[in-house]
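Quick notes on the structure that follows.
Residue numbers (our numbering): 12 to 318.
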């Protein structure tokens, strides 16, 4: 066999193998309870408490409610004390969980000592780094962002620094006990160049890379670390779009995503979002960067938010 034929044969084999692995992974995700089963006491075996940032609304609130139902006490941290207290009362009425509410504005710098003092001594088994903000709800190019200097600081503080600082606070206890879970909420758009959401997408790409590195550092300590990268979830931040084939309610998304904790360092949280992620990543980069794509994407988001 000529060298050229051998190279093309090997290349074809590699492509077939890659597609086969992807297909097998997708089929396994269709039955997570079979392929990635979690024992009934899985969460409580990691500790007695879960800490959730951005826990007063949306995905964070849904994590707090679901983890409380699964036997964990929860610490919810967010900016608005009244909303936190309301969520705390709701969880305590519906479950047997204890709830601590800590008011903190994650766009600021001087909040972490108070958080650390309020959770000191707790047997924390699960940390959900969920809090995040968009610089603008509707997509726009960087220099057209209102109050850009302020938004840069807010996005980096909230989406990037908070995750690192919360890991710094919570990880030592997990390492000492030899158990724990860290879930870092990213976004599907972190997978691709995303003009008109460049700052937000870049901050979420940091979440994924940081999570991958952290897992490599602490896997041997018994710590499970995973980034969760949803696409459409109906929340206040996204303008509450109507749920559909690719848009989940926050509660649906959280229930789905928790089933995939054992699938690896990164998950989209659902089969539908996984398929969407694979399709989007197959689109040539030049298409994603084109002006026509920007315009169609902006129009799509505006329709979803304003409808």
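Yeah, the Cβ is synthetic: ideal placement off N, Cα and C, and Gly gets one too.
Residue pairing by DSSP places residue 191 opposite 234 in a beta bridge.
Here residue 77 is buried, its C-beta having at least 16 other C-beta atoms within 10 Å. Rounded to the nearest whole angstrom, the C-alpha separation of residue 294 and residue 272 is 28 angstroms. For the stretch 276-316, the full-length alpha helix (DSSP H) segments reaching 4 residues or more read 282-293, 296-299 along the chain. Under the three-state reduction of DSSP output, residue 20 falls in the helix class. The Cβ-Cβ distance between residue 98 and residue 87 falls below 8 angstroms. Residue 63 is classed as buried because its beta carbon has at least 16 other beta carbons within 10 Å across all chains shown.
Here residue 297 is exposed, its C-beta having fewer than 16 other C-beta atoms within 10 Å. Per DSSP, reduced to three states, the secondary structure at residue 210 is helical. Considering only 141, 267, 55, 129, the residue with the shortest C-alpha distance to residue 108 is 55.
Counting along the chain, residue 136 sits inside the beta strand (DSSP E) bounded by residues 135-140.
Residues of the same chain with their beta carbon placed closer than 6 angstroms to that of residue 53 are lacking, with the five preceding and five following residues left out of the count. Checking the DSSP bridge columns, you'll see residue 88 partnered with 64, 113.
Judged by beta-carbon spacing, residue 199 lies within the 8 angstroms limit of residue 240, meaning their Cβ atoms are closer than that value.
Contact annotation, residue 61 with residue 83: C-beta distance approximately 5 angstroms; criterion of less than 8 angstroms satisfied. The stretch 305-316 and the stretch 145-159 touch, with no fewer than 3 CB-CB distances between them shorter than 8 angstroms. By the 16-neighbour rule on beta-carbons within 10 angstroms, residue 217 is buried. A direct Cα-to-Cα measurement between residue 118 and residue 144 gives close to 9 angstroms. Per DSSP, the continuous beta strand (DSSP E) segment holding residue 245 begins and ends at 243-245.
The Cβ atoms of residue 40 and residue 285 lie closer than 8 angstroms to each other.
Taking residue 246 as the centre and dropping the five residues before and after it, the same chain places the C-beta of 68, 69, 70, 261 closer than 8 angstroms to its C-beta, in chain order.
The C-alpha of residue 43 lies about 24 angstroms from the C-alpha of residue 227.
Residue pairing by DSSP places residue 196 opposite 239 in a beta bridge.
Counting only the Cα atoms, residue 191 lies some 5 angstroms from residue 136. For residue 259, the enclosing beta strand (DSSP E) has its first and last residue at 258-260. 8 angstroms or more divides the Cβ of residue 194 from the Cβ of residue 282. Going by beta carbons, residue 123 and residue 180 fall inside the 8 angstroms limit.
Apart from sequence neighbours up to five positions away, the residues of its chain that approach residue 204 with a beta-carbon distance below 8 angstroms are 212, 296, 299, 300, ordered along the chain.
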